[in-house]
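Heads up: the structure comes next, in structure tokens.
Number of protein chains: 2
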Amino acid sequence: MLIVQKFGGSSVADADRIRNVAGIIAENYLLGHEMVVVLSAQGDTTDELLEKAAELNADPSKRELDMLLATGEQQSIALMAMCLEAMGLPVVSLTGWQVGIRTNADYSAARIRRVETERLRRELDKKRIVLVAGFQGVNKFDDYTTLGRGGSDTTAVALAAALHADRCQIFTDVEGVYTADPRKVPGARKLEEITYDEMLELASMGAQVLMNRSVQMAKRYGVELEVLSSLVRAPGTKVKEVTRSMEEMKITGIAKDENVARLTVADVADRPGSAFRVLNAMAQAGVNADMIIQANGREQTNDISFVVAEDQAAKAREALIERQKAIGFDHVSVDRDIAKVSVVGAGMMSSSGIAAVVFEAFSDEHINIQMINTSEIKISCVIDAASADRAVAAIHRRFFET
Amino acid sequence: MLIVQKFGGSSVADADRIRNVAGIIAENYLLGHEMVVVLSAQGDTTDELLEKAAELNADPSKRELDMLLATGEQQSIALMAMCLEAMGLPVVSLTGWQVGIRTNADYSAARIRRVETERLRRELDKKRIVLVAGFQGVNKFDDYTTLGRGGSDTTAVALAAALHADRCQIFTDVEGVYTADPRKVPGARKLEEITYDEMLELASMGAQVLMNRSVQMAKRYGVELEVLSSLVRAPGTKVKEVTRSMEEMKITGIAKDENVARLTVADVADRPGSAFRVLNAMAQAGVNADMIIQANGREQTNDISFVVAEDQAAKAREALIERQKAIGFDHVSVDRDIAKVSVVGAGMMSSSGIAAVVFEAFSDEHINIQMINTSEIKISCVIDAASADRAVAAIHRRFFET
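Residue numbers (this note's numbering), protein chains in the order written: chain S, 1 to 402; chain P, 1 to 402.
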């Protein structure tokens, strides 16, 4: 069996953690599997390098930033290789360009164009464990690029797709994907399986076990993922196209996102294109607007409200104020004291009444729903931040603890 | 003018040092020169990486060690690039493989096979300052290799040769090459020029401003070197084939090497091949033996003495004792309490009487010469370590301070 494994920065943070991961790799290798292992930079390496850069240049070019940051993963694979060598196992470490991970030229947020598998295959045929530096590739100029946040997951999925791996295991510091945040909801259950779409909705709702990009790529290439812990030996959660539980379980998980803010553009002139101009301002500022609501304003005007990521709220506000005359509105207000609670489940598609149960839970808890957004497999509600944990627990009880 | 500059690890050890070096590079660039700059890893980076490796594997493979260590220089060039960007200068950093420094497969001590200049030329044509990671290359397997001690100097010389550079400047933490160690001999003078051969002799005698390998390469390709300080703006010392002073100055420099030990193999059987067997044992152990003397032993036997690097003395002794029966000797003694004082000068070739002046200096100081070795441009004497500084000062006075 060909297995691609990925271990994040906290899993290789120091010598003891490296030895622990080496044990997991060795165990699988000695069972006779072909092993390709993607590693991130050790613990704080990336932050330390960014600090060094900031001392010299507040705004360095992304090309040189990628040149600098790519060294972190290279160090990880070399150190892991040495650890496996000490265990007497055949191993070889390869950087992004050695593997042939070719990307576009979008430094710091590069997209993988293709993965050459020749060298990987050659090393696997020699019965070697192959360690690959995650997060990095090279572009057509033979310059180093990095893949942005969650880049090592993307590397693992791309390699699994290119090699037609039998398994793609993403090791993290949690044991899998849960029905709700287990630190907050005592009855939260680890899911055995979850669909790509459910995972995408949960990830974008703040349950960031996997970055959306790697899940999207896994879905596109049909790579079945497994999310599991590098510290606790237990089965994790499988992420796949169709799950056995889709019919049985009406919903899969409940997530809370506190990194949200609501912008209200008050008294927008009621003429054609006003809403477009507001949302276009967001697009130009690179801000994602979500859950857009338009309500009647005082007279001949509308209030347009929407939700943005909290750390983009200031930028969003500025973009609107810059265009106040062009758009035509009275003022902008920002409410950061909100949370978005989302209920996700592919089972919703074939099951009616889910929304009713969710709304009933809010009602019973006397929680006021400020905004609602639904998709085929998700219901999101914006409520005040203080009630969020209570809301998640109440919904969780109704679906999972009866 | 195309200038190749090289800055060592202490010259780029922190943000302030990097800014200082960036100033030197910028100054030359703004004078209109084409700049190719080779950098070493920052200060203690290499040692820190070796420590991390040692935690995981006492004897890691050289391939993985090279993979690990190559990151140090890559970080240096990225950080320097950011600093030059902050000054508004066009710059690009390139690792060994990006430049196309192809080496043999001798990991950790690789030899440069060839340097591809296409990318370098292309970047220079774009009027960019090109920063190159020193000490590293790639072999025919596209694996990272490192060039061993003094590797960054070698990179600089190789690039200067390949690009037919007009100047090759090696910046260090000394101001140039001196007639003697200026910390020990107050009258020591900085040399304006020195020949390759003189430099080679001085370097191997412990005055390690430049590693022999880079000087040999410079001599072979006729690359004129300049050794100068990154902290003090002053002309340094030029290293070249023929110097103006060759005829005038009888000697160029006086060096002291305390990293030496004398081995005496006592009562070697006086039969053909005995000396060969002794020296062959050294060759097999990878120990360089120097200044070999054979003297009559007690009866029908000889005492064979020679000098080795002090840190190889134990290994040399073991190698002899392992072969005691085959060689046939009584015992081995090691004297670590010695120093080698060497007088170097291409002028010796055309001038007789140098040796006499040297010996007279020792005699006047009542220093006993234990061993003598001479070459066309060098006289080396082994004396007791305690007298070495006094000897150097006495010889220096006779040649330079009259």
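C-beta atoms are modelled at their ideal positions from N, C-alpha and C, and glycine is treated no differently. These numbers come from a predicted model, not from an experiment.
His-164/S, DSSP secondary structure in three states:
It is coil, neither helix nor strand.
Could you name the residues of the segment 96-130 of chain S whose beta carbon sits closer than 9 Å to any beta carbon of chain P, in the order they occur along the chain?
Listed by position along the chain: Trp-97, Gln-98 and Arg-119.
Taking the continuous beta strand (DSSP E) assigned at Ser-76/P, which residues delimit it?
If you look at Ser-76/P, you'll find it isn't in any beta strand (DSSP E); it sits in the alpha helix (DSSP H) that goes 62-86.
Helix or strand or just coil, what does DSSP make of Asn-28/S?
DSSP places Asn-28/S in helix when its eight states are reduced to three.
On the CB-based measure, 16 or more other CB atoms within 10 Å of its CB, does Asn-288/S come out buried or exposed?
Exposed: under 16 other Cβ atoms inside 10 Å.
Taking the C-alpha atoms as reference points, what is the distance between Asp-389/S and Ile-18/S?
Roughly 36 Å between the two C-alpha positions.
Listed from N- to C-terminal order along the chain, which residues in the segment 139-158 of chain S have their beta-carbon within a distance smaller than 7 Å of any beta-carbon of chain P?
Across the segment 139-158 of chain S, CB contacts with chain P closer than 7 Å involve Asp-142, in sequence order along the chain.
In this structure, what does DSSP give as the bridge partners for Phe-306/P?
Partner(s): Leu-263/P.
Could you check what DSSP says for Glu-401/S in three-state terms: helix, strand or coil?
In the three-state DSSP reduction, Glu-401/S falls in the coil class, being neither helix nor strand.
Among Val-177/P, Phe-399/P, Glu-201/P and Arg-189/P, which has the Cα closest to the Cα of Glu-226/P?
Per the C-alpha coordinates, the member of Val-177/P, Phe-399/P, Glu-201/P and Arg-189/P positioned closest to Glu-226/P is Val-177/P.
Using 8 Å for Cβ pairs, my map puts Ile-129/S next to Leu-89/S. What's the rounded Cβ distance?
The pair is a contact, with the Cβ atoms about 6 Å apart (cut-off 8 Å).
Output yes or no for whether 8 Å exceeds the beta carbon distance between Asp-303/S and Asp-267/S.
Yes; because the gap between Cβ atoms is below 8 Å, this pair is in contact.
Please confirm if Ile-18/S has its CB atom under 8 Å from at least one CB of chain P.
It does: the Cβ of Ile-18/S has a partner Cβ on chain P nearer than 8 Å.
With contact counted as at least three CB pairs below 8 Å, one residue from each stretch, are the segment 227-247 of chain P and the segment 176-192 of chain P in contact?
Taking a cut-off of 8 Å for Cβ pairs, the segment 227-247 of chain P and the segment 176-192 of chain P touch, as three or more such pairs fall below it.
Beta-carbon neighbours of Leu-202/S, restricted to chain P and to distances below 8 Å
For a Cβ distance threshold of 8 Å, nothing in chain P lies close to Leu-202/S: the least Cβ distance comes to about 36 Å.
With distances taken Cα to Cα, identify the nearest neighbour of Leu-444/S among Met-87/P, Asp-44/P, Thr-95/P and Asp-47/P.
The first residue shown for chain S is 1 and the last is 402, placing residue 444/S beyond what the model contains.
Between the segment 73-91 of chain S and the segment 183-192 of chain S, do at least 3 Cβ pairs fall closer than 8 Å?
Taking 8 Å as the limit for Cβ pairs, the verdict is that the segment 183-192 of chain S does not touch the segment 73-91 of chain S.
Give the single residue among Gly-100/P, Val-239/P and Ser-61/P whose Cα lies nearest to the Cα of Ala-86/S.
Comparing Cα-Cα distances from Ala-86/S to each of Gly-100/P, Val-239/P and Ser-61/P, the minimum goes to Ser-61/P.
Paired residues, beta bridge with Arg-114/P - DSSP:
Per DSSP, Arg-102/P.
6 Å CB neighbourhood of Thr-45/S in its chain, flanking five on each side removed
Excluding residues up to 5 positions away in sequence, Gly-72 lie with their Cβ nearer than 6 Å to the Cβ of Thr-45/S in the same chain.
Tell me whether the segment 24-44 of chain S and the segment 6-21 of chain P touch, counting them as touching only if at least three CB pairs, one residue from each stretch, are closer than 8 Å.
Contact between the segment 24-44 of chain S and the segment 6-21 of chain P is absent, because fewer than three Cβ pairs lie under 8 Å.
Between Glu-64/P and chain S, is there a C-beta pair that is closer than 8 Å?
Chain S contact via Cβ: present.
Drop a sphere of 10 angstroms on the beta-carbon of Gly-353/P, count the other beta-carbons inside from all chains shown, and report buried for 16 or more, exposed for fewer.
Answer is exposed; the Cβ neighbour count stays below 16.
Would you grab the beta carbon distance between Val-4/P and Arg-233/P for me? Rounded to a whole angstrom, and I think it's under 8 Å.
Taking 8 Å as the upper bound for CB-CB distance, Val-4/P and Arg-233/P are not in contact here, some 19 Å apart.
Mind the definition here: the segment 133-150 of chain P touches the segment 90-110 of chain P only if three or more C-beta pairs lie below 8 Å; say whether that holds.
Here the segment 133-150 of chain P lies against the segment 90-110 of chain P, with 3 or more beta-carbon pairs under 8 Å apart.
Alpha helix (DSSP H) runs contained entirely in the segment 288-376 of chain P, provided each spans 4 or more residues
Look at the segment 288-376 of chain P and you find these whole runs of alpha helix (DSSP H), each 4 residues long or longer: 313-322, 324-327 and 354-364.
Looking only at its chain, what residues have a beta carbon closer than 7 Å to the beta carbon of Arg-63/P, apart from the 5 residues adjacent to it on each side?
In chain order, Tyr-107 and Asp-143 place their CB closer than 7 Å to the CB of Arg-63/P, counting only its own chain and leaving out the 5 sequence neighbours on each side.
Could you work out which residue in Glu-365/S, Val-278/S and Val-358/S is closest to Ala-326/S when comparing CA atoms only?
The shortest Cα separation from Ala-326/S among Glu-365/S, Val-278/S and Val-358/S belongs to Val-278/S.
Buried versus exposed, by CB contacts within 10 Å (16 or more), Leu-30/S
Leu-30/S is classed as exposed because its beta carbon has fewer than 16 other beta carbons within 10 Å across all chains shown.
Alpha-carbon spacing of Ala-70/P relative to Ser-40/P, whole angstroms
Roughly 10 Å between the two C-alpha positions.
May I ask which residues mark the beginning and end of the alpha helix (DSSP H) holding Ala-221/S?
Ala is not the amino acid found at residue 221/S; the sequence shown has Tyr there. From DSSP, the alpha helix (DSSP H) with Tyr-221/S extends over 212-221.
Euclidean distance between Cα positions of Ala-54/S and Thr-145/S
So the alpha carbons of these two residues sit roughly 19 Å apart.
If you follow the beta strand (DSSP E) that Phe-7/S is in, where does it begin and where does it stop?
Looking at the DSSP string, the run of the beta strand (DSSP E) that includes Phe-7/S is 2-7.
Taking 8 Å as the cut-off, decide whether the C-beta atoms of Leu-202/P and Gly-236/P are in contact.
Between Leu-202/P and Gly-236/P, the CB-CB gap reaches or exceeds 8 Å.
Using a Cβ-Cβ distance under 8 Å, would Leu-39/S count as near chain P?
Contact of Leu-39/S with chain P is not assigned, every C-beta pair being separated by 8 Å or more.
Minimum C-alpha distance to Ala-161/S - residue among Ala-109/S, Ala-218/S and Asp-66/S
Here the closest residue by C-alpha is Ala-218/S.
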